[in-house]
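Take a look at the structure set out below.
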Amino acid sequence: MCYDVSKGLKYLHRQKFIHSDVAARNCLVTGGGTVKIYDFWMTRKGEEYQLQQDQKMQLQIKWTAPETLKSGKLTLLSDVWGFGILMWEIFSSGKCPYPQFTDVETKEKVSKGYRMEFPENTPKYCCNLMRNCWEVNSARRHHFKDIVKKFETLIKTQK
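Under UniProt numbering, the first residue of the sequence shown carries the number 1, and numbering increases by one thereafter.
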């Protein structure tokens, strides 16, 4: 699932689009079992986009990168943060992220460095990838071309 979504986001980013709402609720599974990212109503053209005040109110706090919550600026790397949350959703069997916190509490905690614990039985390589997706310094986060390569390497080693 994570690999399929990362490939879709790699394609979207190559076309210079920011999805801006990466979450399990925005994924579909085809009849063949492939996972596709969808729901492009918040998608923006470009490598960065400054949200207007009314658009900021539409953000899904628990999936939004801390720098976006602070500045209102969407970037390709803010999608990577959301992908880390999506991975957490997958490995937690669909739980809502930060289940013990309200949106206001989540925003405050994450801005102060809080990160969720990894779901039980999450493979170490996925924990490492989520940790990278949640880097406070967005410049240290992997781009989707790198994330896809990591999954492809993993798939090759498991054959």
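No residue lacks a Cβ here, since even glycine has one placed at the ideal position from N, Cα and C.
In terms of residue numbering, what span does the alpha helix (DSSP H) encompassing Tyr3 cover?
What you label residue 3 is simply residue 3 of the sequence shown in a count that begins at 1. Element bounds for Tyr3: Cys2 to Arg14.
Cβ-Cβ distance between Asp4 and Val35 below 8 angstroms
For the purposes of this step, residue 4 is taken as the residue at position 4 of the sequence shown. For the purposes of this step, residue 35 is taken as the residue at position 35 of the sequence shown. Going by beta carbons, Asp4 and Val35 fall inside the 8 angstroms limit.
Complete alpha helix (DSSP H) runs within the region 81-122 (minimum length 4 residues, chain order):
Taking only runs of at least 4 residues, the alpha helix (DSSP H) segments lying wholly in the region 81-122 are 103-111.
Strictly by DSSP, which residues pair up with Ile37?
The residue given as residue 37 occupies position 37 in the sequence shown. Looking at the DSSP output, Ile37 bridges to Cys27.
Pull up the DSSP beta-bridge partners for Leu74, would you.
Mapped onto the sequence shown, residue 74 falls at position 74. Per DSSP, the beta-bridge partners of Leu74 are Tyr49.
Secondary structure at Arg44, three-state DSSP: helix, strand or coil?
Indexing the sequence shown from 1 puts residue 44 at position 44. Reduced to three states, the DSSP call for Arg44 is strand.
Using 10 angstroms around the beta-carbon of Phe40, count the other beta-carbons present and answer buried if the total reaches 16, otherwise exposed.
Position 40 of the sequence shown, counted from the start, is the residue given in the question as residue 40. Phe40 comes out exposed.
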